[in-house]
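Structure first, commentary second.
Residue numbers (full-length UniProt numbering): 1 to 399.
Rendered as structure tokens:
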């Protein structure tokens with residue numbers, strides 16, 4: 001007996017062709033978009049938030065226990081009569097115990113104003129009250145200018161020699177502020193936690209570190225050396241191709257016969273031609289192996305090292321390409337370093353003004369600026385610049 005059952009309702013997929021929702025009147029496409037921040041931004045944000053929370057937690061919790069331990073230790077110890085270390089401030093002791101890690105390049109900050117109690121200002125007052133010290137320093141600076149001008153070939157060629165002093169007007173100046181100082185910023189790990197602080201640097205160390213980390217002068221000097229090498233190589237290639245042909249050597253008008261050629265041959269008559277050629281090749285190889293000191297080069301048992309020993313070595317002697325490139329490198333480096341003034345020491349003062357010099361052909365005015373260090377009693381820096389130059393017999397340039 002067959003029983004017919006109603007089939008179960010099954011899911012059916014109905015397809016209907018219709019216009020997109022965006023094309024229907026009154027409908028608009030709406031799509032949910034989730035914006036994600038870059039992982040770098042999230043990383044730095046989390047890093048600073050966790051760092052700030054850790055710093056606050058250390059300052060509120062850990063330092064309380066340290067203060068309690070210090071109070072207990074001070075109560076238990078009797079006071080010491082010896083006060084040798086009272087001159088050190090607590091800040092200096094904390095700086096000595098703390099660990100500082102620099103994370104930035106050296107930066108220049110303006111110096112502090114001098115106070116009446118500073119030893120540098122006291123030295124300025126002492127020099128200003130001395131009626132013989134300042135005139136002696138003026139005469140010393142004038143003699144330096146006269147000596148440098150007498151050694152200059154350009155001034156002697158224009159004005160003639162010898163040079164004589166016509167006059168000077170030098171004025172001293174004591175600065176109110178200390179010279180600029182270098183400082184480094186970084187993290188300091190101490191008793192108070194992790195702090196972002198700055199510490200001063202010595203002027204010599206700061207200038208050296210800046211030159212090493214920012215080698216601007218070295219880059220320009222390397223560019224000049226590279227240009228010299230490039231021009232030399234271009235000249236060699238032109239000479240090899242034939243653009244710069246040397247002058248041909250005059251050939252003798254009389255043709256050489258066989259007897260003349262036989263008389264000027266380089267082979268030895270005691271050996272046959274084949275043996276003589278082998279002997280010449282052996283002597284040439286031995287001559288290449290002999291170094292400048294006259295000692296033969298010891299051959300290494302390894303074939304690779306012996307081959308490297310036979311490679312031509314660079315020549316640094318006068319007249320070579322590398323010698324001219326190194327000269328250009330040193331010249332440019334010295335010029336840039338002269339234009340970049342050094343940071344002066346603390347406690348220096350300045351003396352500046354015009355100095356007049358006269359020669360047989362004319363006279364000139366030189367503007368000089370000197371930097372004097374009272375502690376070492378030396379002129380740390382002297383800069384001179386020719387301002388006016390007049391000739392006795394001045395002629396018109398137009399013919």
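Glycine is no exception: its CB is placed at the ideal position from the N, C-alpha and C atoms.
Every value quoted in this text rests on a predicted model; they were computed, and no experiment measured them.
Can you give me the C-alpha to C-alpha distance between residue 178 and residue 345, rounded to a whole angstrom? The residue you call residue 178 lines up with position 178 of the chain shown. The residue you call residue 345 lines up with position 345 of the chain shown. In this structure, the straight-line span from the alpha carbon of residue 178 to that of residue 345 is close to 8 Å.
Any chance you could list the alpha helix (DSSP H) runs of at least 4 consecutive residues sitting entirely within the segment 97-178, in chain order? Taken in chain order, the whole alpha helix (DSSP H) runs of length 4 or more contained in the segment 97-178 are 119-129, 133-151, 153-159.
By alpha-carbon positions, which one of 174, 150, 113 ends up nearest to residue 123? For this step, residue 123 is matched to residue 123 along the chain shown. For residue 123, the closest C-alpha among the options 174, 150, 113 is that of 174.
Counting only the same chain and skipping the five closest in sequence on each side, list residues whose C-beta sits under 8 Å from that of residue 112. Residue numbering aside, residue 112 sits at position 112 when the chain shown is read from its first letter. In its chain, beyond the 5 residues on either side, 177, 178 have a beta carbon closer than 8 Å to the beta carbon of residue 112.
Closest to residue 195 by C-alpha separation, out of 130, 98, 38, would be which residue? As a first step, residue 195 must be located in the chain shown, where it is residue number 195. If we check each option's Cα against that of residue 195, 98 comes out closest.
Using 8 Å as the Cβ pair cut-off and three pairs as the minimum, do the segment 206-218 and the segment 366-382 touch? With the cut-off at 8 Å, the segment 206-218 and the segment 366-382 do not touch.
Once you ignore the five residues that flank residue 389 on each side, which residues in its own chain have a CB closer than 6 Å to its CB? For this step, residue 389 is matched to residue 389 along the chain shown. Contacts found: 364.
Under three-state DSSP, which class holds residue 207? Taking the first residue of the chain shown as 1, we reach residue 207 at position 207. In the three-state scheme derived from DSSP, where H, G and I count as helix and E and B as strand, residue 207 is classed as helix.
If we count the other Cβ atoms within 10 Å of its Cβ and call it buried at 16 or more, is residue 181 buried or exposed? Here the question's residue 181 lines up with position 181 in the chain shown. Answer is buried; the Cβ neighbour count reaches 16.
Is the separation between the beta-carbon of residue 227 and that of residue 103 shorter than 8 Å? The residue you call residue 227 lines up with position 227 of the chain shown. The residue you call residue 103 lines up with position 103 of the chain shown. For residue 227 and residue 103, no; Cβs fall outside 8 Å.
Inter-residue spacing [alpha-carbon to alpha-carbon] between residue 149 and residue 155: If you number the chain shown from 1, residue 149 lands on position 149. If you number the chain shown from 1, residue 155 lands on position 155. Across the structure, residue 149 and residue 155 are spaced so that their CA atoms are roughly 7 Å apart.
For residue 362, which of 313, 110, 395 has the nearest alpha-carbon? Position 362 of the chain shown, counting from 1, holds the residue named residue 362. Between residue 362 and the set 313, 110, 395, the nearest pair of CA atoms involves 395.
Through-space distance from residue 166 to residue 233, alpha-carbon basis: Locating residue 233 in the chain shown gives position 233, counting from the first residue. Locating residue 166 in the chain shown gives position 166, counting from the first residue. Computed Cα separation, rounded: 53 Å.
Measure the C-alpha to C-alpha separation of residue 357 and residue 315 and round it to an integer number of angstroms. Along the chain shown, read from residue 1 onward, the residue named residue 357 stands at position 357. Along the chain shown, read from residue 1 onward, the residue named residue 315 stands at position 315. Rounded to the nearest angstrom, the gap between the Cα atoms of residue 357 and residue 315 is 46 Å.
Whose C-alpha, out of 391, 359, 397, 372, is nearest the C-alpha of residue 146? Working through the chain shown from its first residue, we reach residue 146 at position 146. That would be 359, whose Cα lies nearest to the Cα of residue 146.
Spatially closest choice to residue 161 from 152, 135, 393, by CA coordinates: Within the chain shown, residue 161 is the residue found at index 161, counting from 1. The candidate whose alpha carbon is nearest that of residue 161 is 152.
Got a sec? Which residues, its chain only, sit under 6 Å from residue 200 by beta carbon, not counting five neighbours each side? Counting from 1 along the chain shown, the entry for residue 200 is found at position 200. Spatial neighbours of residue 200 in its own chain (CB-CB distance under 6 Å, excluding positions within 5 residues in sequence) are listed in chain order as 181, 183.
Beta-carbon separation of residue 141 and residue 368 under 8 Å? Stepping through the chain shown from its first residue, residue 141 is reached at position 141. Stepping through the chain shown from its first residue, residue 368 is reached at position 368. Taking a C-beta distance under 8 Å as the contact criterion, residue 141 and residue 368 qualify as a contact pair.
Within the continuous alpha helix (DSSP H) that includes residue 225, where are the two ends? In the chain shown, residue 225 corresponds to position 225, counting from 1. It spans 216-241 - the alpha helix (DSSP H) in which residue 225 sits, taken as one unbroken run.
Going by DSSP, name the residue or residues bridged to residue 390. Along the chain shown, read from residue 1 onward, the residue named residue 390 stands at position 390. Beta-bridge analysis with DSSP links residue 390 to 363.
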